[in-house]
Amino acid sequence: YTLQRFGRGGFVSAALRAGVPIIPCTVVGAEEIYPMIGNAKSLARLLGLPYLPITPTFPWLGLLGLIPLPSKWIIEFGEPVPTDSYPAEAADDPMLVFELTDRIRETIQHTLYSLLMQRRSVFF
169 YTLQRFGRGG FVSAALRAGV PIIPCTVVGA EEIYPMIGNA KSLARLLGLP YLPITPTFPW
229 LGLLGLIPLP SKWIIEFGEP VPTDSYPAEA ADDPMLVFEL TDRIRETIQH TLYSLLMQRR
289 SVFF
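Take any residue in the sequence shown, count from 1 to its spot, add 168: that is its number in our numbering.
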């Protein structure tokens, strides 16, 4: 489990403009419902899809392969990150947006590691 980039911080800009807190949310277990073993990029492009995942059950079992595997999910909400101390114009400051985005990402990554240590099994 490693978080990918969060894009350009659109959620931070929106929170700064609205003056609302950002609540980090960490989810463990979602990736196991469809364990991806490949990506049929050429076929996806042909079908006009962003990607076409290959899993142990899809496309081999047809539509039955779309049924998710049963996995235990752990969802944890972190401490709210206040944004009301910043003016709404702060949403246009790319350095501040990047800093807050990175801070949220690090918080979620640390929580992710913690939850993975607590998890006994993917299915229980």
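The C-beta atom is built at its ideal place from N, Cα and C for all residues, glycine as well.
In the structure shown, Thr-279 falls within a helical segment according to DSSP collapsed to helix, strand and coil.
A distance below 8 Å between beta-carbons, with the five flanking residues on each side excluded, links Phe-226 to the following residues of its chain, in chain order: Tyr-202, Gly-233 and Leu-234. Classified as buried, Val-180 has 16 or more neighbouring CB atoms from the shown chains inside 10 Å of its CB.
In the three-state reduction of the DSSP assignment, Val-290 falls in the coil class, being assigned neither a helical nor a strand state. A straight-line Cα-Cα distance of about 25 Å links Thr-275 and Phe-291. Thr-223 and Leu-211 have their C-alpha atoms roughly 15 Å apart. Judged by pairs of C-beta atoms under 8 Å, the segment 250-270 does not touch the segment 191-202, as fewer than three such pairs exist. With fewer than 16 neighbouring CB atoms inside 10 Å of its own CB, Ile-205 falls in the exposed class.
The residue from Pro-238, Ala-208, Gly-178 and Ser-282 with its alpha-carbon nearest to that of Glu-244 is Ser-282. CA-to-CA, the gap between Gln-172 and Leu-237 works out to about 23 Å.
Each residue's CA atom was taken as its position, placing Asn-207 and Gln-286 some 31 Å apart. As computed with DSSP, Phe-179 is found in no beta bridge at all.
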